[in-house]
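Here is the structure we will look at.
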Amino acid sequence: MENYFILLELPFDPPENDTKKIEAAIAKKQSLWTRDLINPAKKPKASRYLAQLNNIKRVMLNPDTRKEEAEKAKKN
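Residue numbers in the sequence shown follow this note's numbering, run continuously in steps of one, and reach 104 at the last position.
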């Protein structure tokens, strides 16, 4: 599983904690992944990321789980 900070291209050291910036990054990636669905080469990965969208939001919009995700990103 990819780290959500890395996937969303958000800083993790120190971690981004502004929920508006996090929501904007999620929306940007969601738009990109939706567009990628029409590209046969990118469709599998885009589908996988879109399927994870609820979990991405759950982790990244909760301060406790976001902190854990940032710690994992630092170890990568």
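We treat Cβ as the ideally placed atom computed from N, Cα and C, and that holds for glycine. The structure displayed is predicted, hence computed values, not measured ones.
Discussion item. Starting from Q58, trace the alpha helix (DSSP H) in both directions and tell me its first and last residue.
Written reply: Start at 1 with the first residue of the sequence shown, and residue 58 comes out as number 30. Taken as a continuous stretch (DSSP letters only), the alpha helix (DSSP H) holding Q58 covers T47 to D64.
Fill in: 8 Å Cβ cutoff met for I54 and N104
Here residue 54 refers to the residue found at position 26 when the sequence shown is read from its first residue. Here residue 104 refers to the residue found at position 76 when the sequence shown is read from its first residue. Result no, Cβ atoms of I54 and N104 do not sit closer than 8 Å.
Discussion item. Taking 8 Å as the limit between beta carbons, can you name the residues of its chain near K70, skipping five residues before and five after?
Written reply: For the purposes of this step, residue 70 is taken as the residue at position 42 of the sequence shown. So the qualifying residues of the chain are D64.
Discussion item. Assuming contact is defined by CB atoms lying nearer than 8 Å, are L89 and T62 in contact in what I supplied?
Written reply: Start at 1 with the first residue of the sequence shown, and residue 89 comes out as number 61. Start at 1 with the first residue of the sequence shown, and residue 62 comes out as number 34. Going by C-beta atoms, L89 is not nearer than 8 Å to T62.
Item to complete: Would you kindly work out how many angstroms separate the C-alpha atoms of N82 and E96, rounded to a whole number?
Response: Residue mapping note: residue 82 aligns to position 54 of the sequence shown, counting from 1. Residue mapping note: residue 96 aligns to position 68 of the sequence shown, counting from 1. Using only the alpha carbons, I get a separation of about 17 Å.
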